[in-house]
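So for the sequence shown, my numbering puts the first residue at 261; every next one is plus one. Accompanying notes for the structure given below.
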Amino acid sequence: MIQMGFSNLWRTRLRTTLTVLGVVIGIGALTSMVSFGTGMQKNFTDAFKKSDLFTSMNITPTKINLAELSHGDASGLTGLLDGDVKPLTDSILQSIREIPGVQIAFPEETFPGRIQIDQMETTTNIQPFPVIMGKYPPFNDLLAGTFYSDDSSTMVILKWETLRNLGLIVEDPDVNITLTKEDSLKGRRIIPADSIIGKEITIITATINREAMKNPLGFLINPRFEPFSETEMKFTIGGIIKRMDEFSLFRFGGGVFIPMEIARSIPRLSFSSVWDILNKGNKEEGTYGSIYVRVNKMEEMTGVRKEIEKLGVAVFSISDQLNEIKQAFLIIDSMLGAIGAIALIIAGLGIINTMIMSILERTREIGIMKAVGGSEGQIKLIFFVEAGFIGLIGGIFGLGLGWLVTRVANFIMLSYLRPQDLPPVDLFYFPVWLLLGAIGFSILISLAAGLYPAIRAARIDPVKALRHD
């Protein structure tokens, strides 16, 4: 039957080729559309995993609904401003650390400062981090150097973006970096990553000059009145973090990371986070604005979250939104797949037309087969084989067309990203289920399209068929 079906298609090569071409275009459109959706989802989830967002959470004194704030509803801040919240104390921090599944828990603190390297200066935020964070992204894969190994070390870690603000664009083997016109005007220059490691960096922090502030009108009496006093400390650059992803948890944190013990000895302004500002600056000793928590694995997030919430504090994690994210991508994939499926359905109409034309041309042949004992089932099988073969060949070559289209589209996108000094990204992704599903769907549509012609052929009266010219 298979050989007979293939032979029948070969006799009408041109018509068969055109029909297969329709299926190829349909599958090509379908796979390229869906692969774009799966590519977006993969890039999204990979960026989250790379930044440890699925195993990280932030603990705050009260729950703030960002969506409500964006619409002007600040009711969520009322309790915080009135002081009617449970502060994050050392005892709460210790309780969190004792929860099964918690791998790391430490207070998140940042304070403003200035940094100087070789006469270059910029302002940034300083963020104390424990040594253990060097084992996890993005600190376990630095662009250059190594993470500090001691909480009392004088080594610091800088962000790529921080050095750029200083005027130093560090080479990255993963990104084709070129100087833009803006970079040239600002005097920025490209340097090798290793050239900055080991250099001395000065961190300058400010504290309130309490003696001077005793006289609030001092600036009117004394032109040299200084409300703040500054402290300078020398450190060594130990490592450079790669460029932060858009979804990185630490993208908007500090620009310089320093050991926890050293941070305690640095004089600085009394507030350590936005929570302290909202809390009227009444920060007590041993209390924190927020706490960072990392669990062993994503499956433990729900259990750890419930235990932390029992302590009366608020918990935020991107994994809470995981189901909504998956649902959103499912809708996107379905919409893109529906658009591509339209082309495949049109190709199915072409298969129906080809099969019906084949019946009209082979009416006498079908009559002879039935006259010599061929059953209706065998006649149907011949046409199903022909339709299925069209679907199989169309599906295979359609995948090739879809892949080729995505490569061209990705090349065009990369040519746009390179001048922007943005990291390369593959916008399309072909998971195994898409490859097998595309071929299976192609065969299924072809068989469905061949159903009516097969039934029509099987019902031909052999007597009338033998008289057919």
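A virtual CB, placed ideally from N, CA and C, is assigned to each residue, including glycine.
By the criterion of at least three beta-carbon pairs nearer than 8 Å, the segment 608-622 is not in contact with the segment 686-700. The Cβ atoms of T291 and G658 sit closer than 8 Å to each other.
In this chain, S635 is not harboured by any alpha helix (DSSP H), its DSSP state being neither H nor E. Within the same chain, G427, I429 come within 6 Å of R448 by CB-CB distance, once the 5 residues on both sides are set aside.
Residue range 561-569 is occupied by the alpha helix (DSSP H) that includes E569, with no beta strand (DSSP E) assigned at that position. Less than 8 Å divides the Cβ of V555 from the Cβ of V362. Remark: C-beta atoms of K640 and P722 do not approach each other more closely than 8 Å. Ranked by Cα distance from G458, the first of K502, N613, V416, Q387 is V416. With respect to V294, L694 sits close: the two C-beta atoms are nearer than 8 Å. The C-beta separation of I319 from I568 comes to about 6 Å, placing the pair in contact by the 8 Å criterion. Looking at the DSSP output, D350 sits in no beta bridge, so it has no partner there.
Short of 6 Å from the beta carbon of F589, and not among the five residues preceding or following it, lie these beta carbons of its own chain, in chain order: Q301. In the structure shown, the three-state DSSP call for G361 is coil. For E431, no alpha helix (DSSP H) segment is defined, and its DSSP state is neither H nor E.
Within the model, the alpha-carbon separation for A601 versus S594 is close to 10 Å. In the structure shown, N556 adopts coil according to DSSP, grouped into three states. Under the three-state reduction of DSSP output, S489 falls in the strand class.
Residue G700 holds the alpha-carbon nearest to the alpha-carbon of L652 among G700, I522, W663, Q638. Our two residues, L353 and I522, have alpha carbons roughly 20 Å apart in a direct line. Within the DSSP secondary-structure output, V284 pairs in no beta bridge. Check the Cα spacing between I500 and each of G515, K395, S635: the tightest is with G515. Under the three-state reduction of DSSP output, G405 falls in the strand class. Annotated three-state conformation of P452 is coil, per DSSP. Burial state of S351 is exposed, judged by a 10 Å Cβ sphere holding fewer than 16 other Cβ atoms.
I456 and I497 do touch by the CB rule: their CB atoms are close to 6 Å apart, below 8 Å. Checking the DSSP bridge columns, you'll see N318 partnered with Y552, F576. Residue environment: Q587 is assigned as exposed (fewer than 16 neighbouring CB atoms within 10 Å of its CB, all protein chains considered).
Here the segment 432-439 does not lie against the segment 377-388, with fewer than 3 beta-carbon pairs under 8 Å apart. Annotated three-state conformation of V416 is strand, per DSSP. Residues L604, G608 of the same chain have their beta carbon placed closer than 6 Å to that of I705, with the five preceding and five following residues left out of the count.
The beta-carbon separation of A365 and A404, rounded to 29 Å, does not stay under the 8 Å limit for a contact. In the displayed model, T384 falls within a strand according to three-state DSSP.
For V573 and G549, the gap between their C-alpha atoms comes out near 12 Å. When the beta-carbon positions are compared, I585 and F314 stay at least 8 Å from each other.
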